[in-house]
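Colleague: Following the working numbering, the numbering of the sequence shown begins with 1 at its first residue and continues without gaps.
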Amino acid sequence: QVQLVESGGGLVQPGGSLRLACAASGSFFSINAMGWYRQAPGKQRESVARISSSGRTNYADSVKGRFTISRDNAKKTVSLQMNSLKPEDTAVYYCNSGPPYESWGQGTQVTVSS
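1) Assign Phe200 to one of two classes, buried (16 or more other C-beta atoms within 10 Å of its C-beta) or exposed (fewer than that).
2) What residue from Glu46, Ser114 and Asn73 has the CA that sits closest to Ala33's CA?
3) Evaluate contact between the stretch 6-24 and the stretch 45-55, counting only Cβ atoms and requiring at least three cross-stretch pairs below 8 Å.
4) Counting along the chain, where does the beta strand (DSSP E) carrying Asn32 start and finish?
5) Closest to Leu80 by CA distance: which of Thr90, Ile69 and Asp89 is it?
6) What is the DSSP secondary structure of Asp61, counted as helix, strand or coil?
7) Rounded C-beta distance between Val112 and Pro14? I'm assuming under 8 Å.
8) Can Arg38 and Tyr93 be called in contact, C-beta distance under 8 Å?
9) Helix, strand or coil, according to DSSP, for Glu46 in the structure here?
10) Beta strand (DSSP E) containing Leu11: first to last residue?
11) Which residue or residues does DSSP assign as beta-bridge partners of Glu6?
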């Protein structure tokens, strides 16, 4: 079983940066795809960025060129560097693992506001 704990959320002004981190426990982290999702009030949860076990990445069009996902298999962590943040990036951000081992973190709030 995989357990995920996010950290790094907070309040930032438009144009600012935040770095989210997700720490995983359990075995088989290196073979798991990992990703970040977000859910804004009144909206469905959406995929933000994903990284495969081999390091291949893909991003939502809305964050391309601004966000970067990375992973450290030795430390069992996945990070999301968010630059040039916009008010529309405000949401609860969730770490996700899988396939093959599916799990979700509890979420961390990101608020972009002046």
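For every residue, glycine included, the Cβ atom is placed at its ideal position computed from N, Cα and C.
Modeller: In short:
1) What is shown of the chain runs 1 to 114, which leaves residue 200 out entirely.
2) Ranking Glu46, Ser114 and Asn73 by Cα distance to Ala33 puts Asn73 first.
3) Verdict: no, contact absent.
4) Premise fails: Asn32 is in no beta strand (DSSP E) and is neither H nor E.
5) Answer by Cα proximity: Ile69.
6) Asp61: coil per DSSP, three-state reduction.
7) For a cut-off of 8 Å, the C-beta gap from Val112 to Pro14 is around 6 Å, short enough to register as a contact.
8) Contact: yes.
9) In this structure, Glu46 counts as strand in the three-state DSSP scheme.
10) Counted as a single uninterrupted DSSP element, the beta strand (DSSP E) harbouring Leu11 occupies residues Gly10 to Val12.
11) Paired residue(s): Cys22.
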